[in-house]
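Chemist:
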Amino acid sequence: LCRLFTIATCYTSTLHTSHFIHSSIFVLLSRLSILQHPISLNRNQSTMLSSRLFRAAKAVAPRMTGQQAIGTRFMSSDTTFDLSGSFETYLLDTKPEETVTTTKEELMEMFELMYTMRRMEITCDNEYKARNIRGFCHLYDGQEAVATGIQFALEQADSWITSYRCHCVALARGGSVASVVGELFGNSIGLSQAKGGSMHFYNKEHNFYG
22 LCRLFTIATC YTSTLHTSHF IHSSIFVLLS RLSILQHPIS LNRNQSTMLS SRLFRAAKAV
82 APRMTGQQAI GTRFMSSDTT FDLSGSFETY LLDTKPEETV TTTKEELMEM FELMYTMRRM
142 EITCDNEYKA RNIRGFCHLY DGQEAVATGI QFALEQADSW ITSYRCHCVA LARGGSVASV
202 VGELFGNSIG LSQAKGGSMH FYNKEHNFYG
């Protein structure tokens with residue numbers, strides 16, 4: 022699923038719509054005034070975000086060519102991507118399927134999660150540099166697609182053990198921005214009740230063991 026995001030991005034780039042997409046997202050975020058703040062979306066907020074993204078995109082969209090219109094319809098329903106030759110396996114009895122099917126709704130959910138991860142980590146970086154977060158602070162920005170892809174590939178019943186760079190993994194695995202940041206600030210609302218810090222997040226309820 023990580024690679025699926027790359028494929029989808031490359032596909033839109035080949036249609037010369039990346040400027041339109043980036044402009045639309047920037048306008049949306051400016052209108053929501055959240056460029057400097059991390060976000061955590063519930064179902065209603067997610068629906069509102071999708072609606073505002075559509076309106077903002079429509080407002081700044083140039084007249085689409087026939088080829089661009091095809092690209093828009095391309096993600097109008099379930100879409101399957103062929104990943105043949107994109108990965109290798111080692112000493113496995115069976116290998117993953119070479120096709121992945123997704124929807125616009127699932128891609129939007131992935132985008133919201135990765136965007137929240139990035140804003141959260143940038144905020145933590147600023148607070149660490151301001152010496153408001155003490156001790157270690159191993160950030161995850163730039164790797165958001167890894168945790169997101171794994172999360173969407175796993176079931177909630179699966180256990181997940183990761184490395185010490187685990188802020189965003191904890192967020193993907195049922196945590197909240199408040200519980201992650203709280204742990205870094207040494208607050209009792211943190212995922213490990215302020216006993217673990219940056220490298221030792223823990224969430225037994227969601228089978229996440231840091």
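Quick note: the sequence shown uses the working numbering, first residue 22, plus one each step.
A virtual CB, placed ideally from N, CA and C, is assigned to each residue, including glycine.
#1: Can you tell me which residues form a DSSP beta bridge with T123?
#2: Could you tell me the alpha carbon to alpha carbon distance between K125 and L192, rounded to whole angstroms?
#3: Just the C-alpha distance for T115 and L128, rounded to the nearest angstrom, thanks.
#4: How long is the line joining the alpha carbons of T144 and T183, rounded to whole angstroms?
#5: The alpha helix (DSSP H) with T169 in it runs from where to where?
#6: Among V202, G211, I210, T100, which residue has its Cα nearest to the Cα of Y149?
#7: So I154 and L205 are in contact, right, with Cβ under 8 angstroms, and what is the actual spacing, rounded?
#8: Per DSSP, what are the beta-bridge partners of N19 in this structure?
#9: Assuming I137 contacts V198 (C-beta within less than 8 angstroms), just tell me the rounded distance between them.
#10: Taking its Cβ as the centre, do 16 or more other Cβ atoms sit within 10 Å of H188, making it buried, or is it exposed?
Modeler: Reading it off the structure:
#1: Along the sequence shown, one-based indexing puts residue 123 at 102. Beta-bridge pairing links T123 to T100.
#2: Residue numbering aside, residue 125 sits at position 104 when the sequence shown is read from its first letter. Residue numbering aside, residue 192 sits at position 171 when the sequence shown is read from its first letter. Those two C-alpha atoms are separated by around 22 angstroms.
#3: The residue labelled residue 115 in the question sits at position 94 within the sequence shown. The residue labelled residue 128 in the question sits at position 107 within the sequence shown. T115 and L128: Cα-Cα distance of roughly 27 angstroms.
#4: Residue numbering aside, residue 144 sits at position 123 when the sequence shown is read from its first letter. Residue numbering aside, residue 183 sits at position 162 when the sequence shown is read from its first letter. Distance between the alpha carbons of T144 and T183 is about 22 angstroms.
#5: Here residue 169 refers to the residue found at position 148 of the sequence shown. T169 -> alpha helix (DSSP H) spans 165-174.
#6: Working through the sequence shown from its first residue, we reach residue 149 at position 128. Minimum Cα distance to Y149 is reached at V202.
#7: The sequence position of residue 154 within the sequence shown is 133, counting from 1. The sequence position of residue 205 within the sequence shown is 184, counting from 1. Yes, they are in contact, since the Cβ atoms of I154 and L205 sit about 5 angstroms apart, within 8 angstroms.
#8: Residue numbering for the chain in the displayed model covers 22 to 231; residue 19 lies beyond these limits and cannot be assessed.
#9: Sequence index remark: in the sequence shown, residue 137 carries index 116 (1-based). Sequence index remark: in the sequence shown, residue 198 carries index 177 (1-based). The residue you asked about is not Ile; residue 137 is Thr in the sequence shown. Contact holds; Cβ gap of about 7 angstroms.
#10: Within the sequence shown, the letter at position 167 stands for residue 188. Buried, by the Cβ-count rule.
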